[in-house]
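Asker:
Residue numbers (full-length UniProt numbering), protein chains in the order written: chain A, 1 to 239; chain B, 1 to 239.
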């Protein structure tokens, strides 16, 4: 097993494998196995099959808990933005996983080490290996240090529609009037900024600033949701 | 909560919910929620989103462990045959879940209670509820009594290619010559039966009978795999 990878996993994530065979399998591409039949190695395809399902459940559970008011259609869209080739290959690169995968010579020449589909599979294989070695808790521990904080910070929220979320939250028990009011328009025509306020039944819930009215409304809605959530938490503490 | 459903779950599967709210949510269709807004109910869509991912992982893990020699492509095909609308809706009907879902009047009139997509969602919702109440162990306990025995008995094996599986098993450490030999052809032309033997490096591994040479070869391969597995188990016991 590559010692550098082991050291990296320990220093970055405090992860130590009890059985490094799983890790070896995760970092072995089929092209390498095909070129070294005499070594009788396992490629990472089966462990990726497992890791994919583990990642799907752990992310699903996180979103289910974190967004108790988000309807199923939106949860599905948000999950698709997280568990996709573009973002998983990005994670694999960011954590330097690409440096350690064993590739066949042909695959190496074809720049396989940089191919998003290969890196995405590698990330899922790693999750599979971690699951086999340390169970779901081990995977969740890793995701708590990597993927989940990104979700929380809004890295995938371009697929979220905050105005609809706010509306659904406010109208969960019936009709509520919601208004977006333009408060201010500042700057020259080509660099305008808009300040918008959102009100429910006439009460101000939040403000948002943006380069267009639409963007400012989205931000106002996101801020309103944040304020409402904080208020709810205070109510719960006082109750 | 419907008492009949609770009794049924207990008598059929020895399942008792600590929190029946999850079960209530799983058995509430959106059409019912829409017709009874005053009751402020939750429909089963979010819990189905969760249950879908739980089922995917539990079935994946089962297949991964049960078929250690099956390559990823075949595991994927087998899983797709299990976790699909046709089979999950069948399970929902078989266990009588269809009788207990709350539907709106329109949905009821449109025969929603028999619609495979609705029944498939219901099965996944039930898995989601069971997971929230009893964790993965609770779900696996249920699947051990329902879905997993079906997999084991070969209910989904029409998607498996036993000849390829046998070849992969025998050639996992290098080339091995495999031959299928027609031993016998009996019966009249329109009702012929074929008896085929499969040999590896000249040693007989198994026999198969079928309505075509191809079918007989598949069965011979399946029997050979079964024989090899048994022989392996004996070796392991003796070792």
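Just so you know, even glycine gets a beta-carbon here, dropped at the ideal spot from N, CA and C.
Check whether chain A comes within 8 Å of residue 40/B, counting only Cβ atoms and requiring the distance to be less than that.
Answerer: Counted from its first residue, the second chain places residue 40/B at position 40. Output row for residue 40/B: interface = yes.
Asker: List, in chain order, every chain B residue whose beta-carbon is nearer than 9 Å to that of residue 46/A.
Answerer: Position 46 of the first chain, counted from the first residue, corresponds to residue 46/A. Result: 64, 68, 70, 71, 72, 75.
Asker: Taking the CB atoms as reference points, tell me whether residue 60/B and residue 49/A lie closer together than 8 Å.
Answerer: Translated into the one-based positions of the second chain, residue 60/B becomes position 60. Translated into the one-based positions of the first chain, residue 49/A becomes position 49. Cβ atoms of residue 60/B and residue 49/A: closer than 8 Å.
Asker: Residue 70/A by DSSP, collapsed to three states: which one?
Answerer: Walking along the first chain from the start, residue 70/A turns up at place 70. Coil.
Asker: Could you tell me the distance, in whole angstroms, from the CA atom of residue 8/A to the CA atom of residue 112/A?
Answerer: Counting from 1 along the first chain, the entry for residue 8/A is found at position 8. Counting from 1 along the first chain, the entry for residue 112/A is found at position 112. The straight-line gap from Cα to Cα measures roughly 22 Å.
Asker: Quick check on residue 56/A - is its C-beta less than 8 Å from some C-beta in chain B?
Answerer: Position 56 of the first chain, counting from 1, holds the residue named residue 56/A. Yes, residue 56/A counts as interfacial toward chain B.
Asker: Note the first and the last residue of the continuous alpha helix (DSSP H) segment covering residue 140/B.
Answerer: As a first step, residue 140/B must be located in the second chain, where it is residue number 140. 116-145 is the span of the alpha helix (DSSP H), which, as asked, contains residue 140/B.
Asker: Residue 43/B by DSSP, collapsed to three states: which one?
Answerer: If you number the second chain from 1, residue 43/B lands on position 43. Here residue 43/B sits in coil by DSSP.
Asker: What three-state label does DSSP hand residue 180/A in the structure shown?
Answerer: One-based indexing of the first chain puts residue 180/A at position 180. Note: residue 180/A maps to strand in three-state DSSP.
Asker: Strictly below 8 Å CB to CB, what residues from chain A border residue 216/B?
Answerer: Within the second chain, the letter at position 216 stands for residue 216/B. By Cβ distance, chain A contributes nothing, its closest Cβ being about 30 Å from residue 216/B, past 8 Å.
Asker: To the nearest angstrom, how far is the alpha carbon of residue 167/B from that of residue 227/B?
Answerer: Against the second chain, residue 167/B aligns to sequence position 167. Against the second chain, residue 227/B aligns to sequence position 227. So the alpha carbons of these two residues sit roughly 14 Å apart.
Asker: For residue 132/B, which residues in the same chain have their Cβ closer than 8 Å to its Cβ, ignoring the five residues on either side in sequence?
Answerer: For this step, residue 132/B is matched to residue 132 along the second chain. Around residue 132/B: 19, 22, 47, 50.
Asker: What separation, rounded to the nearest whole angstrom, lies between the Cα atoms of residue 144/A and residue 203/A?
Answerer: What you label residue 144/A is simply residue 144 of the first chain in a count that begins at 1. What you label residue 203/A is simply residue 203 of the first chain in a count that begins at 1. The alpha-carbon atoms of residue 144/A and residue 203/A are separated by roughly 37 Å.
Asker: Can you name, in chain order, every residue of its own chain whose Cβ lies under 7 Å from the Cβ of residue 106/A, other than the five neighbours on each side?
Answerer: Position 106 of the first chain holds residue 106/A. Same-chain partners within the cutoff: 31.
Asker: Suppose contacts are defined by Cβ-Cβ distances below 8 Å. Is residue 196/A in contact with residue 178/A by that definition?
Answerer: Walking along the first chain from the start, residue 196/A turns up at place 196. Walking along the first chain from the start, residue 178/A turns up at place 178. Not a contact, by the Cβ cut-off of 8 Å.
Asker: Can you find a CB in chain A that lies within less than 8 Å of the CB of residue 49/B?
Answerer: Numbered from 1 along the second chain, position 49 holds the residue referred to as residue 49/B. It does: the Cβ of residue 49/B has a partner Cβ on chain A nearer than 8 Å.
Asker: Does the beta carbon of residue 164/B sit closer than 8 Å to a beta carbon anywhere in chain A?
Answerer: Against the second chain, residue 164/B aligns to sequence position 164. It does not: the Cβ of residue 164/B has no partner Cβ on chain A nearer than 8 Å.
Asker: Are the CB atoms of residue 81/A and residue 123/A nearer to each other than 8 Å?
Answerer: Taking the first chain and counting its residues from 1, the one referred to as residue 81/A is at position 81. Taking the first chain and counting its residues from 1, the one referred to as residue 123/A is at position 123. No; because the gap between Cβ atoms is not below 8 Å, this pair is not in contact.
Asker: Using the beta-carbon of each residue, which ones in chain A are nearer than 7 Å to residue 53/B?
Answerer: As a first step, residue 53/B is located in the second chain; it is residue number 53 there, counting from the start. Correct list: 56, 57, 60.
Asker: Beta carbons nearer than 9 Å to chain A: which residues of the stretch 154-187 of chain B have them?
Answerer: Among the residues of the stretch 154-187 of chain B, those with a Cβ less than 9 Å away from any Cβ of chain A are 172, 173, 174, in the order of the chain.
Asker: At the 8 Å Cβ level, is residue 67/B part of the contact set with chain D, yes or no?
Answerer: In the structure shown, chain D cannot be found, because the protein chains are A and B.
Asker: For the beta strand (DSSP E) containing residue 197/A, list its first residue and its last residue.
Answerer: Translated into positions along the first chain, residue 197/A becomes position 197. Under the DSSP assignment, residue 197/A falls in the beta strand (DSSP E) whose first and last residues are 193-200.
Asker: Excluding the 5 residues preceding and the 5 following residue 220/A in the sequence, name in chain order all residues of the same chain whose CB lies nearer than 6 Å to its CB.
Answerer: Position 220 of the first chain, counted from the start, is the residue given in the question as residue 220/A. So the list reads 196, 198, 206, 207, 208, once near-sequence residues are dropped.
Asker: Does residue 16/A come out as helix, strand or coil in the three-state DSSP assignment?
Answerer: Residue numbering aside, residue 16/A sits at position 16 when the first chain is read from its first letter. It is coil, neither helix nor strand.
Asker: Between which two residues does the alpha helix (DSSP H) carrying residue 165/B extend?
Answerer: Numbered from its first residue, the second chain carries residue 165/B at position 165. Start and end: 162-170.
Asker: Mind the definition here: the stretch 72-91 of chain A touches the stretch 149-166 of chain A only if three or more C-beta pairs lie below 8 Å; say whether that holds.
Answerer: yes
Asker: Return the Cβ separation of residue 85/A and residue 117/A in integer angstroms, given the expectation that the two are a contact with Cβ distance under 8 Å.
Answerer: The count along the first chain starts at 1 and reaches residue 85/A at position 85. The count along the first chain starts at 1 and reaches residue 117/A at position 117. Between residue 117/A and residue 85/A the Cβ distance is about 6 Å, and since that is below 8 Å, they are a contact.
Asker: Which residue marks the beginning of the beta strand (DSSP E) containing residue 209/A, and which one marks its end?
Answerer: Sequence index remark: in the first chain, residue 209/A carries index 209 (1-based). From DSSP, the beta strand (DSSP E) with residue 209/A extends over 203-210.
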